[in-house]
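Below is one structure, written out as structure tokens, with a few remarks after it.
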Amino acid sequence: MTFTTIAEDRPLRGVIVGAGFIGRQWAPELLRHPLTRLVGWADVDRDRVRAAADGFGLPDLPVSDSVYALLEGEEPDFIVNCTVPAAHHEVTVAALGQGVSVLSEKPMAVTLEEARSMVAAADRARRLFMVSQNRRHLPGLVAYRRTLAELGPLGLLHSDFSIPYRGASFLSTLEDPLLQDMAIHLFDAARAVSGADPVSVYCESFRPPWSWYSGNCTAVATFEMTGGLRYTFNGSWSAPGYATSWTGSWQATGTRGSARWDGDLMLTVDPAKGEHIRPHQPEPERHPGRTRFQGLAEGLEEFVTALRTGTPPQGECHDNIRSLAMVTAALESARTGVRVPVLPDPPTGEGP
Ligand SMILES: NC(=O)c1ccc[n+]([C@@H]2O[C@H](COP(=O)([O-])OP(=O)(O)OC[C@H]3O[C@@H](n4cnc5c(N)ncnc54)[C@H](O)[C@@H]3O)[C@@H](O)[C@H]2O)c1
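If you're matching positions, the sequence shown starts at 1 in the UniProt record's numbering and goes up one per residue.
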């Protein structure tokens, strides 16, 4: 995996695509970063994107209802893809095809086939394609990863996710809104904290009778991971009561003991007899601010550093596709009722 770096000593030109909830969180990050310039903003809803730009005091910022127009007109170095998941493939491939690097919101794509063709497009273009998994930068997650590294080989990892949520309107159009949109945060976090990759999964996805979603908003899944680790996930987006954090609540067991994390700042360890392990403490946030969406600034920093130095960032597409493969395999298992392998790469080595 190699991508072309940008050596010129100038700020990087960025275009945001999508002016919904998360696009409006990314805009201030591009405006704040000393090495990025926001040079355009696209959304299929032109009024929405104009209003968003005006709302940030940017009446002269070029806006368009077409990403293609801004790719041509503003010659960006990168785009931030903040569109709905169904548009991720088209927008990302369009940018890569013009030699423009991509920082995308999760999930990379809706299907694994789409994702494989996006990774192939990045390879062909020799451009950086990174998916922002903002939870990876949470101080609590970093401390938990460091703590688990001291437990010896892990045997069990579990996360509960329980949030009563009525979110963006595109969610109500999905058959499995929890697995298709949210679960990737937890699945990617499982990879991040354990260092293990997925092997296979058995999953059930369903709709409890009280749910306000028409699709399946609740799921239980058991993943076999490399090293024999089992990662289990219980999640619901319409659970009335005992809400967890937005990054779930976690427990892991290894040779030297067990460790819990509340998904926020609280970590505890119960060491095995004779072991003396203490939890790592979360470090202070590097980009604090009550109104800032956690983890975006750190992701942008890794992306910019990667474009300058060639160092692959977390979420680089060849790695991130493994988290998406956990989602798509879980969906397949839920639909077929059997355990299925998690295969991020093309099954027979042919290109997408
Ligand atoms: N990291 C996180 O915690 C987090 C939080 C919220 C959303 N997200 C992700 O961000 C993405 C967007 O979510 P949202 O809540 O902002 O949705 P949203 O519906 O609020 O906004 C999406 C915007 O994309 C626009 N759009 C759709 N197709 C387009 C296209 N082809 N070209 C240009 N614009 C297009 C829509 O008009 C809309 O304004 C999703 O992938 C979602 O999963 C991530």
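Just so it is clear, CB atoms sit at the ideal spot from N, CA and C, and this is done for glycine as well. On a predicted model such as this, the values are computed, not experimentally measured, just so you know.
Using only CA atoms, which one of the options lies nearest to residue i?
i, options, result
"residue 203", "339, 226 and 77", "339"
"residue 87", "99, 276 and 106", "106"
"residue 209", "238, 191, 232 and 190", "238"
"residue 99", "161, 183, 111 and 68", "68"
"residue 89", "121, 61 and 74", "121"
"residue 298", "80, 8 and 286", "286"
"residue 166", "142, 321 and 214", "214"
"residue 313", "252, 294 and 131", "131"
"residue 342", "187, 266 and 212", "187"
"residue 42", "74, 311, 318 and 331", "74"
"residue 250", "30, 322 and 162", "162"
"residue 302", "36, 25 and 168", "36"
"residue 101", "305, 283, 21 and 110", "305"
"residue 345", "111, 268, 168 and 26", "111"
"residue 160", "52, 61 and 190", "190"
"residue 289", "58, 326 and 32", "32"
"residue 58", "71, 39, 72 and 176", "39"
"residue 150", "267, 278 and 284", "278"
"residue 97", "320, 334, 53 and 71", "71"
"residue 211", "266, 240 and 221", "240"
"residue 272", "259, 284 and 266", "259"
"residue 116", "333, 205, 10 and 328", "328"
"residue 320", "283, 34 and 103", "103"
Assign residue i to one of three DSSP states: helix, strand, or coil.
i, result
"residue 317", "helix"
"residue 182", "helix"
"residue 26", "helix"
"residue 43", "coil"
"residue 349", "Confidence in residue 349 is poor, its pLDDT being 43 and thus under 50, which makes the residue's placement unreliable; the coordinate value appears in the next sentence. Three-state DSSP puts residue 349 in coil, outside helix and strand."
"residue 225", "strand"
"residue 137", "helix"
"residue 108", "coil"
"residue 14", "strand"
"residue 177", "helix"
"residue 121", "helix"
"residue 260", "strand"
"residue 155", "strand"
"residue 9", "coil"
"residue 334", "helix"
"residue 103", "strand"
"residue 371", "An answer regarding residue 371 cannot be provided, because it is not within the stretch 1 to 352 covered by the chain."
"residue 161", "strand"
"residue 21", "coil"
"residue 342", "coil"
So, at 7 Å on beta carbons, what are the nonlocal neighbours of residue i in its own chain, with the 5 sequence-adjacent residues on each side left out?
i, result
"residue 196", "225, 226, 227 and 229"
"residue 245", "262, 263 and 264"
"residue 6", "12, 77, 307 and 308"
"residue 91", "17, 67, 81 and 83"
"residue 138", "247, 294 and 295"
"residue 50", "63"
"residue 29", "296, 297 and 300"
"residue 25", "293 and 296"
"residue 145", "192 and 193"
"residue 174", "180, 181 and 215"
Can you find the residues in the same chain that come closer than 6 Å, C-beta to C-beta, to residue i, ignoring five residues on each side of it along the sequence?
i, result
"residue 48", "19"
"residue 178", "217, 219, 235 and 237"
"residue 275", "256 and 257"
"residue 223", "198, 201 and 231"
"residue 317", "119, 122 and 129"
"residue 185", "135"
"residue 46", "65"
"residue 56", "27"
"residue 280", "143, 146 and 147"
"residue 53", "41, 61 and 63"
Using a Cβ-Cβ cutoff of less than 8 Å, which residues in the same chain neighbour residue i once the five nearest sequence positions on both sides are dropped?
i, result
"residue 348", "Reliability of the predicted coordinates at residue 348 is poor, the pLDDT of 47 falling under 50, and no value is obtained from them."
"residue 194", "148, 154, 157, 225, 229, 231 and 252"
"residue 126", "2, 3 and 4"
"residue 243", "162, 163 and 164"
"residue 311", "305"
"residue 254", "148, 151, 152, 153, 154 and 155"
"residue 85", "107, 109, 110, 170, 180 and 181"
"residue 331", "176, 179, 180, 203 and 205"
"residue 267", "140, 143, 144, 147, 259, 260, 261, 279, 280, 281 and 282"
For a cutoff of 8 Å on Cβ pairs, would you count residue i as touching chain D?
i, result
"residue 63", "Reference to chain D is not applicable here, since this structure consists of a single protein chain."
Quiz item: Which full runs of the beta strand (DSSP E) of 3+ residues lie inside the segment 266–293, going along the chain?
Solution: For the segment 266–293, whole beta strand (DSSP E) runs of length 3 or above, ordered along the chain, are 267–271.
Quiz prompt | 4-residue-minimum alpha helix (DSSP H) runs that sit fully inside the segment 27–91, ordered along the chain | solution = Listed in chain order, the complete alpha helix (DSSP H) runs (minimum 4 residues) inside the segment 27–91 are 46–55 and 67–74.
Quiz item: Taking the runs of the beta strand (DSSP E) that are 3 residues or longer, which of them lie wholly in the segment 198–253?
Solution: Counting only unbroken stretches of 3 or more residues, the beta strand (DSSP E) elements lying wholly within the segment 198–253 are 198–206, 218–225 and 230–236, in sequence order.
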